């Protein structure tokens, strides 16, 4: 199909759009009418429903996934002079929180097909200073956690899973959120479920649960609901200097209904991703996402193609500009962290220090994917890609 043969749609197709229904709206309105809009009964209810869904022993909701990663490191006592292993192919938050606690991020490169961390390279980066590993379940597809947990156990390291993309993901029949010391999720509007902004930490440890709840709200022993509701007690103690990372009831009210729809959302995302795969598998100018070789349930938070720069006359950014001409929104998930100015300047990284991350960073494009999309939308995007690649062959 040529560019001239494809009718350009009038409306803009965004990268993502949250699926919010009347139940979410009514729940938010009920909070506003009640006069209780900060952390309260809806947060408690949301945590309960998350426990039931994930199977995790403890669920601690927060105002962002970033907050979750931050206090997870603090709860483990990670500090200046320590090292934490992660991947350069992630959002800034994963690495920034390591800097926030004064530790050093140590990178391990990725599998360029799945964009998950190369598990067999982790052990080479462990030193006496290493205290934890943060694997990132990229785009909703899990890392090989058996291998990572085996390495961590051998070297007595903590594991914090960055599952910002992966609420609903399963690994060998087990839900992500039940496997390691702590797992952190995000409820940003782009994610598979949303609370506007928000996050979650799951843990099986009673001790960590207690510490995380203190860190979430100023380090004091009673939340506002504990102090100001009818059955509350106004007295409290400040145990540690914590943070203002609590989730609001307004946010939790959205999440209460979103979590009940999550499996349906993932089912729709999976069907759309499979349709993309069928439409694009023979498109010579791009490659479709790779899949892991072990049993898992992919949450399909993102559908990411790679532009084959060796076969095209245009760059990845020019490819994105061409898609915009077809009224198609896109994203880049993510520019590799090690080539970002702050980390490049502080640690002296060069682009090819992590060649696989650098390679995909120049080529990736996230395509529209969300439950309200139709099969016709996927076919339209796929046809636009075919037109662009055909018109720009070397």
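In my numbering, the protein residues as written are 427 to 820.
For glycine and all other residues, C-beta sits at the position ideal for the given N, C-alpha and C.
Nothing here was measured: the structure is a model prediction, and the numbers come from that model.
Check                                                                                                                                                                      : Outcome
Can you give me the start and stop residues for the beta strand (DSSP E) that residue 625 sits inside?                                                                     : 625-629
So, with DSSP's three-state summary, where would you put residue 649?                                                                                                      : coil
Count Cβ pairs between the segment 784-791 and the segment 741-759 that sit closer than 8 Å; are there 3 or more?                                                          : yes
Where does residue 683 land, buried or exposed, given buried means 16+ other C-beta within 10 angstroms?                                                                   : buried
Buried or exposed for residue 798, going by 16 or more other Cβ atoms inside 10 Å?                                                                                         : exposed
Find out if the Cβ-Cβ distance for the pair residue 489, residue 635 is shorter than 8 Å.                                                                                  : no
May I have a chain-ordered list of the alpha helix (DSSP H) segments no shorter than 4 residues that lie completely inside the segment 500-577?                            : 518-526 and 545-548
Since residue 588 sits in a beta bridge, which residues does DSSP pair it with?                                                                                            : 562 and 610
Tell me, which residues are paired with residue 484 by DSSP?                                                                                                               : 629
Return the chain-ordered list of same chain residues with a C-beta closer than 7 Å to the C-beta of residue 434, the five sequence neighbours on each side being excluded. : 752 and 753
How would you write the range of the beta strand (DSSP E) that residue 793 sits in, first residue to last?                                                                 : 790-793
Would you mind sorting residue 537 into buried or exposed? The rule is 16 or more other CB atoms within 10 Å of its CB.                                                    : buried
Judging by CA-CA distance, which residue of 440, 469 and 446 is the nearest neighbour of residue 676?                                                                      : 469
Work out the CA separation of residue 723 and residue 801 for me, nearest whole Å.                                                                                         : 21 Å
Using C-beta distances below 6 Å, list every residue in its chain close to residue 608, excluding the 5 sequence neighbours before and after it, in chain order.           : 498, 586, 627 and 629
Buried or exposed, going by whether 16 or more other CB atoms sit within 10 Å of the CB of residue 678?                                                                    : buried
Return the CA-CA distance between residue 443 and residue 616, expressed in angstroms with no decimal places.                                                              : 7 Å
To the nearest angstrom, how far is the alpha carbon of residue 784 from that of residue 765?                                                                              : 8 Å
Would you kindly work out how many angstroms separate the C-alpha atoms of residue 530 and residue 524, rounded to a whole number?                                         : 6 Å
Could you please give me the residues that DSSP links to residue 596 through a beta bridge?                                                                                : 601 and 723
Would DSSP call residue 442 helix, strand or coil?                                                                                                                         : coil
Could you check what DSSP says for residue 729 in three-state terms: helix, strand or coil?                                                                                : strand
Using 8 Å for Cβ pairs, my map puts residue 819 next to residue 737. What's the rounded Cβ distance?                                                                       : 7 Å
For the candidate residues 508, 598, 571 and 725, whose alpha-carbon lies nearest to that of residue 557?                                                                  : 508
For residue 565, is the beta carbon positioned less than 7 Å from some heavy atom of the ligand MG?                                                                        : For the structure depicted, the ligand MG is absent and the ligand set is empty, with no information on it obtainable.
So, with DSSP's three-state summary, where would you put residue 712?                                                                                                      : strand
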